[in-house]
Amino acid sequence: MRYQIIHSTICRYDSPVTVCHYHAKLIPRRLPFQNCPWHEMTIRPEPLQRFVRQDAYGNATIYFEIEGAHEELEVISSSFVELEEFVLPASEKSPTWKQIRDQCDAERWTAGSSASEYVCPSPLIRTNEELRTYARDSFPAEMPILQGALDLNHRIYNDFTFDPTATNVATKIEEAWEKKRGVCQDYAQVMIACLRSLGLPARYVSGYLETQPPPGKEKLIGADASHAWLSVWCGEDLGWIDMDPTNDIMPSTRHVTLAWGRDFSDVSPLRGVTLGAGNQSILIAVDVMPQK
């Protein structure tokens, strides 16, 4: 599957900004099943400088700096992405969840001990006994890790209600958990907290999901959106496996991966500081367009 993706962000300030420094994580990752042969970013006003680096998690990050009074910032990220079909592993043949938990406690360096970084608490995700109790229903003693994760994925999908008005980007999981409402960020972070509460590595993934219009309707420009899901470590043979609790599926060729980290704070598409902005409004439009 091939996609052209346009992600447009417009920031409008109440008062002129004289200096701004931003980091953008809008370049799709290169993965065994995902290739990004072309990407460009248009920034208005023109930055004084910009450069690309990798963060601690291997995400491509564009840093840019603008000097000079301006009342609006426009960032347009354009990408061409190719996705390949891949065979989903048999969930019942994966290692047990206790084997994965124990691999993360190894005293020497292994892939499992490296993945254990994603067991630790992070700025937006803390575990507690209530989340652990909820998670344990999906992970009896000898449950294969992937089978248990799929069950948890399904339960969160059923127990939560998608509600864009219930939370915001700064909402912590305790509030989302209490409300049992939220958006994809909340679904993903609650499931990550559940997995980490059992000592299982789970990381937050940001990207895009191709949306389908209702039957007989044309797809609206700007109707797609940024999306969030998670990956769970399933051992050295299987590696990281993606889960999408918002849609109760395992991501495949409709999910485009941008970045991953401990939680949303590590992968925010556009983050920065401004001098003299006052309040600001942000308009975001995303188009994920299949290509023949």
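Residue numbers (my numbering): 985 to 1276. Backbone N, C-alpha and C fix where the C-beta goes; we use that ideal spot for every residue, glycine too. These numbers come from a predicted model, not from an experiment.
Subject >> Cα-Cα separation, L1032 to G1256 >> reply: C-alpha separation (whole angstroms): 15 Å.
Subject >> Local Cβ density within 10 Å of V1065, reported as buried at 16 or more and exposed below that >> reply: V1065 is buried by the Cβ-count criterion.
Original post:
Which whole-angstrom value is the C-beta distance of P1148 and V1167, which I expect to be below 8 Å?
Top reply: Correct: roughly 6 Å between the Cβ atoms.
Original post:
Can you tell me where the alpha helix (DSSP H) with Q1173 in it begins and where it stops?
Top reply: Counted as a single uninterrupted DSSP element, the alpha helix (DSSP H) harbouring Q1173 occupies residues 1168-1181.
Subject >> Those residues which DSSP pairs with T993 across a bridge >> reply: In the DSSP output, where bridge partners are listed per residue, T993 has V1059, I1268.
Subject >> Span separating the alpha-carbon of H1097 from that of K1009 >> reply: What sits at residue 1097 in the sequence shown is Ser, not His. Going by the C-alpha atoms only, they are around 27 Å apart.
Original post:
Under a three-way DSSP split, which group does L1193 fall into?
Top reply: The three-state secondary structure of L1193, taken from DSSP, is strand.
Original post:
What residues in its chain sit with their C-beta under 7 Å from that of Y1118, if we drop five residues either side in the sequence?
Top reply: These residues qualify, in order along the chain: C1178.
Original post:
So what's A1133 in DSSP terms, helix, strand or just coil?
Top reply: The answer is helix: DSSP assigns A1133 an H, G or I state.
**OP:** Spatial neighbours of W1093 within its chain, please: CB distance less than 7 Å, with the 5 preceding and 5 following residues excluded, ordered by chain position.
**Re:** In its chain, beyond the 5 residues on either side, no residue has a beta carbon closer than 7 Å to the beta carbon of W1093.
Subject >> Nearest-angstrom Cα separation, counted from I990 out to P1199 >> reply: Whole-angstrom Cα-Cα distance: 24 Å.
Original post:
Is the CB-CB distance between E1194 and V1240 below 9 Å?
Top reply: The answer is yes: Cβ separation under 9 Å.
Original post:
DSSP three-state call for V1071: helix, strand or coil?
Top reply: The answer is coil: DSSP assigns V1071 none of H, G, I, E or B.
**OP:** Starting from T1258, trace the beta strand (DSSP E) both ways and give me its first and last residue.
**Re:** That run of the beta strand (DSSP E) goes 1254-1259.
Original post:
Out of curiosity, what's the CA-to-CA distance linking K1156 and I1140?
Top reply: Taking the straight line joining both Cα atoms gives about 16 Å.
**OP:** For P1000, collect the residues of the same chain with a Cβ closer than 8 Å to its Cβ; drop the 5 residues on either side in sequence, then sort them by chain order.
**Re:** In its chain, beyond the 5 residues on either side, A1053, H1054, E1055, G1260 have a beta carbon closer than 8 Å to the beta carbon of P1000.
**OP:** Could you tell me if D1250 is buried or exposed, where buried requires 16 or more neighbouring beta carbons within 10 angstroms of its beta carbon?
**Re:** Buried, because 16 or more other Cβ atoms sit within 10 Å of the Cβ of D1250.
Original post:
Which partner residues of I1046 appear in the DSSP bridge assignment?
Top reply: When beta bridges are read from the DSSP output, I1046 appears opposite A1008, V1036.
Original post:
Where does K1267 land, buried or exposed, given buried means 16+ other C-beta within 10 angstroms?
Top reply: Note that residue 1267 is Leu in the sequence shown, not Lys. It is exposed - the Cβ of L1267 has fewer than 16 other Cβ atoms within 10 Å.
Original post:
Thinking C-alpha only, which one of T993, H1023, I1225, E1076 is nearest F1123?
Top reply: Nearest neighbour of F1123 by Cα position, chosen from T993, H1023, I1225, E1076, turns out to be E1076.
**OP:** Check whether the Cβ atoms of L1057 and Y1006 sit closer than 9 Å, and answer yes or no.
**Re:** Cβ atoms of L1057 and Y1006: closer than 9 Å.
Original post:
Between which two residues does the beta strand (DSSP E) containing S1210 stretch?
Top reply: Run containing S1210: 1209-1217, per the beta strand (DSSP E) assignment.
Original post:
The beta strand (DSSP E) spanning V1251 covers which residue range?
Top reply: Taken as a continuous stretch (DSSP letters only), V1251 belongs to no beta strand (DSSP E), being part of the alpha helix (DSSP H) at 1248-1251.
Subject >> Backbone CA spacing between W1081 and V1059 [nearest angstrom] >> reply: One C-alpha to the other measures close to 43 Å.
Subject >> Of the residues P1274, R1116, L1184, L1067, the one placed nearest A1099, counting alpha carbons only >> reply: Of the listed residues, the one whose Cα sits closest to A1099 is L1184.
Original post:
Where T1237 and D1089 are concerned, what is the direct C-alpha to C-alpha distance, given to the nearest angstrom?
Top reply: Cα to Cα, the separation comes out at about 34 Å.
Original post:
Which partner residues does I1157 have in the DSSP bridge list?
Top reply: In DSSP, I1157 forms no bridge with anything.
**OP:** At 4 residues or longer, and completely inside the region 1083-1109: list those alpha helix (DSSP H) runs for me, N to C.
**Re:** 1095-1099, all fully within the region 1083-1109.
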